[in-house]
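Each remark here refers to the structure printed beneath this line.
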Amino acid sequence: MISKDDMIPLMLEACPSFEPKWREFLDSWQEESEPPIYLALSDLARHLIDMLARKDTATFPVVFAVVERWHVEGSLYVIDAATVGLLEDLQNTGLHKGTDPEQFRPWLLPESAKWWDKLYAFWEHGESLN
Numbered sequence: 201m202i203s204k205d206d207m208i209p210l211m212l213e214a215c216p217s218f219e220p221k222w223r224e225f226l227d228s229w230q231e232e233s234e235p236p237i238y239l240a241l242s243d244l245a246r247h248l249i250d251m252l253a254r255k256d257t258a259t260f261p262v263v264f265a266v267v268e269r270w271h272v273e274g275s276l277y278v279i280d281a282a283t284v285g286l287l288e289d290l291q292n293t294g295l296h297k298g299t300d301p302e303q304f305r306p307w308l309l310p311e312s313a314k315w316w317d318k319l320y321a322f323w324e325h326g327e328s329l330n
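Here's what the structure looks like:
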């Protein structure tokens, strides 16, 4: 089972370009015993959106394979963080400049796509995420 502590190391293997932002994040939260992973995932979402805008998507199949693993092999915390911490931010149109959230859909694998759609249903129709 993938734990909260396993999430970012798995992503850094898939997306080494995120490492400087991760180090910056850790530096800014060094006083905390546990850095807030949800905020780190928000940084990751912004990083992926920037990559999409630059058409730097070569690593996306591996990146979204990790997101799929978070959903399939993760603890409840990991599944929630992957959904609410990452996918929800990827869908946030306010973070997109010249891109669209749906441009990520081709890289979503089945379980991640299910949660992607559940987020839309939650925000558009008030449907439960469970």
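Numbering of the sequence shown is given in the numbering used here, commencing with residue 201 and proceeding in unit increments.
Here a beta-carbon is modelled for each residue, glycine too, at the ideal position from N, C-alpha and C.
For clarity, every value in this text was computed on a predicted model and none was experimentally measured.
DSSP three-state call for residue i: helix, strand or coil?
i      : result
GLY274 : strand
Determine the direct distance from the alpha carbon of residue j to that of residue i, and round the result to whole angstroms.
i      : j      : result
GLU232 : ASP205 : 15 Å
THR257 : GLN230 : 31 Å
ILE208 : GLY326 : 30 Å
LEU212 : PHE322 : 30 Å
HIS247 : VAL263 : 12 Å
ALA265 : LEU308 : 8 Å
PRO250 : ASN330 : Inspection of the sequence shows that residue 250 is occupied by Asp rather than by Pro. Taking the straight line from one Cα to the other gives about 30 Å.
GLU268 : LEU210 : 12 Å
PRO301 : LEU276 : 25 Å
PHE225 : ALA214 : 18 Å
How far does the alpha helix (DSSP H) with residue i in it extend, from its first residue to its last?
i      : result
GLN291 : 288-291
HIS247 : 237-253
LEU226 : 219-228
Should residue i be labelled buried (16 or more other beta-carbon atoms within 10 Å of its own) or exposed?
i      : result
THR293 : exposed
ASP227 : exposed
PRO306 : exposed
ASP289 : buried
SER242 : buried
SER203 : exposed
Three CB pairs or more closer than 8 Å across the segment 266-276 and the segment 316-326
With the cut-off at 8 Å, the segment 266-276 and the segment 316-326 do not touch.
Check whether the segment 236-246 touches the segment 283-300, taking contact to mean three or more Cβ pairs, one atom from each stretch, closer than 8 Å.
The segment 236-246 is in contact with the segment 283-300.
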